[in-house]
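Quick note on numbering that gives the first Met the number 0: the sequence shown kicks off at 0 and runs consecutively.
C-beta: ideal position from N, C-alpha, C; glycine also.
Accompanying notes for the structure given below.
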Amino acid sequence: MYVRRDAAGQIIVASRDMTPECQEFVAANSPELMLFLSVSGESRSDALLQSDLDFVRVLEDVITVLMDKGVISFTDLPEPAQQKLLDRQSLRQRMNSVGLMSDSDDSGVI
């Protein structure tokens, strides 16, 4: 692996190949590389997961707007997509009815 370090000598970028940005070779089993990959990989995957969850809500809102404006109808969606939307709407209603979600989570279109 090839790495780039910050001024303090900490790995800040890693690449499988040598690049203009990453020119220092570090063994793949190096403890500092393993630490960098586990910490940055974990926070990146957490950020990606949160982004995916947030984006799902955006897609729900877009689909709702398109249906409200008559651009598409619910039946235009494939059967599995229809079922997933119905399941999420049902779950959201149940969670809201027992106060598990705040009002900001279901405040309408973004």
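- Within the segment 62–106, the runs of alpha helix (DSSP H) at least 4 residues long that lie entirely inside it are, in chain order, 78–96.
- Taking one beta carbon from each stretch, the segment 43–60 and the segment 18–33 have fewer than 3 pairs nearer than 8 Å; the two do not touch.
- When the beta-carbon positions are compared, Arg93 and Glu59 stay at least 8 Å from each other.
- The straight-line gap separating the alpha-carbon atoms of Val64 and Asn95 is approximately 21 Å.
- A distance below 7 Å between beta-carbons, with the five flanking residues on each side excluded, links Ile11 to the following residues of its chain, in chain order: Arg3, Arg4, Asp5.
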